[in-house]
């Protein structure tokens, strides 16, 4: 019992530290996120942090996994009955996340797209999980004419690239597009990709 | 006259060397493209190549600029009257290029998305040029209901991200999608993004 309690406590402390890490990542690129910075912010020693995270790379991976889990959680399908409203709600949550965590998000995308294979793996898995979720509503999909196949899953993943790229560019320069207009255009694309042609 | 002729000859020789560089890039990542390799392939000395290209980074930049110019040229609007046929022809040329030059293309995307600012600049400029070209057909666009605005240009650029990501993933795993089906789905998305809602 004691052992379990101690282990839980260590895990829960680690989770708290990851919360801080994710907050720090929001406003700075991954390469500026150091164990020293986390130690200052959390008010504990570097030595103790190395006990939780091993080394800087492991710390980065843990923070990125947490950030990705946060994105997955906040974009979870809401309880809207209308699938379009549901999609707009998930997209809106994603856009707000990227706005609020812009620096870190951009650096994660770049690290994953660049040479870091472990980050690329986490990033690809997350994108797959996010878009595969589109096909989870087994009840409603058939009525909507959506085909669940490797082809439509491939196209849904491409849609995620459109969303990410457009949102990042829109944050840089909104180009006269309101948030709602952006969401509507992006949402309107998905059926074109995954609904079987008549 | 002599000076001009000699200069032209140097430029044209440089162009020939870039042709070879682009061919070498087709089947290997950018980081494996060396001046030594080009020297072997072209049958001339490394010293002479440094005379043409300065250093490895300048050589890479020159090859990438050439590859990007090739993509721009082969995807030029054909003389189809029907804008959908025209779009399918340009998209088809792009897909075939990426299939034929896969290794180099992927490495270019990664280098641009990763940390190389100069390559990122060339890549972004190329994407902008490719998608801005969508709005060049001033005659036909209005009849199609296309709005030329900063917002639709932003969305067209997002469409390019969808195209690139989907094509690269499709090459890795076609997922039961034929080339024509792929082209049709990708082409069908563009109007959703750039045609004003009724």
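Chains as they are written, first to last, in our numbering: chain A, 12 to 209; chain B, 12 to 209. Note that CB positions come from ideal geometry on N, CA and C, so glycine has one too. No experiment lies behind these values; they were computed from the predicted model shown.
Residues near residue 206(B) in its chain [Cβ-Cβ closer than 6 Å; skip 5 each side]: As a first step, residue 206(B) is located in the second chain; it is residue number 195 there, counting from the start. Correct list, in chain order: 156, 157.
Contact with chain B by residue 145(A), beta-carbon distance below 9 Å: Position 134 of the first chain holds residue 145(A). Output row for residue 145(A): interface = no.
Cβ-based burial, residue 115(B) [other Cβ within 10 Å; buried from 16]: Here residue 115(B) corresponds to residue number 104 of the second chain, with the count starting at 1. The residue in question, residue 115(B), is buried, as its Cβ has 16 or more Cβ neighbours within 10 Å.
Inter-residue CB distance, residue 102(B) and residue 194(B) (contact presumed, cutoff 8 Å): Your numbering for residue 102(B) matches position 91 in the second chain. Your numbering for residue 194(B) matches position 183 in the second chain. Indeed, because the Cβ distance is near 5 Å, the residues count as touching under 8 Å.
is_contact[residue 44(B), chain A] using C-beta, thresh 9 Å: By one-based count along the second chain, residue 44(B) stands at place 33. Closer than 9 Å: no.
Proximity test, Cβ basis, 9 Å: residue 95(A) and chain B: Residue mapping note: residue 95(A) aligns to position 84 of the first chain, counting from 1. Answer no: the Cβ-Cβ gap between residue 95(A) and chain B never drops below 9 Å.
Beta-carbon proximity check, residue 142(A) vs residue 170(A), cutoff 9 Å: Residue mapping note: residue 142(A) aligns to position 131 of the first chain, counting from 1. Residue mapping note: residue 170(A) aligns to position 159 of the first chain, counting from 1. Taking a C-beta distance under 9 Å as the contact criterion, residue 142(A) and residue 170(A) qualify as a contact pair.
Min CB distance residue 132(A) to chain B below 9 Å: Your numbering for residue 132(A) matches position 121 in the first chain. For residue 132(A), the answer is no, since every Cβ of chain B falls outside 9 Å of its Cβ.
Under 9 Å by beta carbon: chain A residues contacting residue 186(B): The count along the second chain starts at 1 and reaches residue 186(B) at position 175. Result: 160, 161, 162, 163, 164, 165, 166.
Identity of the residue in 118(A), 98(A), 20(A) nearest residue 33(A) by Cα: Counted from its first residue, the first chain places residue 33(A) at position 22. Taking only the C-alpha atoms, the option nearest residue 33(A) is 118(A).
6 Å CB neighbourhood of residue 123(A) in its chain, flanking five on each side removed: Here residue 123(A) refers to the residue found at position 112 of the first chain. Excluding sequence neighbours, residue 123(A) sits near 130, 131, 134.
Straight-line Cα distance separating residue 154(B) from residue 165(B): Taking the second chain and counting its residues from 1, one reaches residue 165(B) at position 154. Taking the second chain and counting its residues from 1, one reaches residue 154(B) at position 143. Rounded to whole angstroms, residue 165(B) to residue 154(B) spans 21 Å at the Cα level.
Cβ contact check for the stretch 57-64 of chain B and the stretch 93-101 of chain B: 3 or more pairs under 8 Å: The stretch 57-64 of chain B vs the stretch 93-101 of chain B: no contact.
Min CB distance residue 214(A) to chain B below 9 Å: The requested residue 214(A) does not occur in the structure, where chain A is confined to residues 12 to 209.
Length of the line joining the Cα atoms of residue 40(B) and residue 82(B): Locating residue 40(B) in the second chain gives position 29, counting from the first residue. Locating residue 82(B) in the second chain gives position 71, counting from the first residue. Near 17 Å, if we compare the C-alpha coordinates of residue 82(B) and residue 40(B).
Residue 79(A), enclosing alpha helix (DSSP H) - first and last residue: The residue given as residue 79(A) occupies position 68 in the first chain. Residues 67-85.
Residues of the stretch 110-126 of chain A whose Cβ lies closer than 9 Å to any Cβ of chain B, in chain order: 120, 121, 122, 123, 124, 125, 126
Option nearest residue 26(B) by Cα separation, candidates 58(B), 70(B), 186(B), 47(B): The residue labelled residue 26(B) in the question sits at position 15 within the second chain. The option with the nearest alpha carbon to residue 26(B) is 70(B).
Top-ranked residue by Cα proximity to residue 112(A), from 188(A), 197(A), 75(A), 191(A): Numbered from 1 along the first chain, position 101 holds the residue referred to as residue 112(A). Closest in alpha carbon position to residue 112(A), among 188(A), 197(A), 75(A), 191(A), is 75(A).
Nearest to residue 192(A) (by Cα), restricted to the options 99(A), 147(A), 146(A): Taking the first residue of the first chain as 1, we reach residue 192(A) at position 181. The option with the nearest alpha carbon to residue 192(A) is 99(A).
Proximity test, residue 75(B) beta-carbon vs the ligand FAD heavy atom, cut-off 8 Å: You won't find the ligand FAD in this model; it holds no ligand whatsoever.
7 Å CB neighbourhood of residue 85(A) in its chain, flanking five on each side removed: Within the first chain, residue 85(A) is the residue found at index 74, counting from 1. Within the same chain, residue 85(A) has close Cβ partners 104, 108.
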